[in-house]
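Numbering (UniProt numbering), first residue to last: 1 to 110.
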């Protein structure tokens with residue numbers, strides 16, 4: 001079994017993205033919710049603490065509320081969905097998300 005954490009950095013504003021809801025769900029049909037968390041003030045969240053089985057999962061970042069601006073048009077990025085393969089033989093996965101209102105990038109961190 002393995003653990004999974006994430007860290008969201010708001011590259012447009014140069015700060016961590018706190019208060020973002022992140023969901024983890026299996027991609028088996030039907031999709032099964034596994035975990036949900038809200039990033040802390042440092043943009044960090046733990047979605048699994050050593051109890052994640054091998055499989056393919058969707059990590060869903062709800063970015064529209066974070067970038068919402070009542071006087072602007074709707075957010076360009078709504079939910080960002082990352083499909084990741086998890087091998088329970090690996091002790092830990094850390095998946096950072098670097099995001100702006102118009103783009104994102106990710107990688108497998110350490």
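C-beta: ideal position from N, C-alpha, C; glycine also.
Owing to the predicted nature of the structure, the values given are computational and were not obtained by experimental measurement.
Look up residue 66 in the DSSP assignment and say whether it is helix, strand or coil. helix
Return the CA-CA distance between residue 26 and residue 37, expressed in angstroms with no decimal places. 15 Å
Per DSSP, residue 109 forms a beta bridge with which residues? 94
What residue from 17, 99, 52 has the CA that sits closest to residue 92's CA? 52
Quick check on this structure: which residue in 65, 79, 66 has the alpha carbon closest to the alpha carbon of residue 59? 79
Those residues which DSSP pairs with residue 26 across a bridge: 32, 57
Host beta strand (DSSP E) of residue 19 (start-end): Per DSSP, residue 19 belongs to no beta strand (DSSP E) and is neither H nor E.
Identify whether residue 85 lies in helix, strand or coil by the three-state DSSP scheme. strand
With DSSP run on the structure shown, which of helix, strand or coil describes residue 77? coil
Whether residue 9 touches residue 17 by CB criterion (9 Å): yes
I'd like the span of the beta strand (DSSP E) that includes residue 48, first residue to last. 44-52
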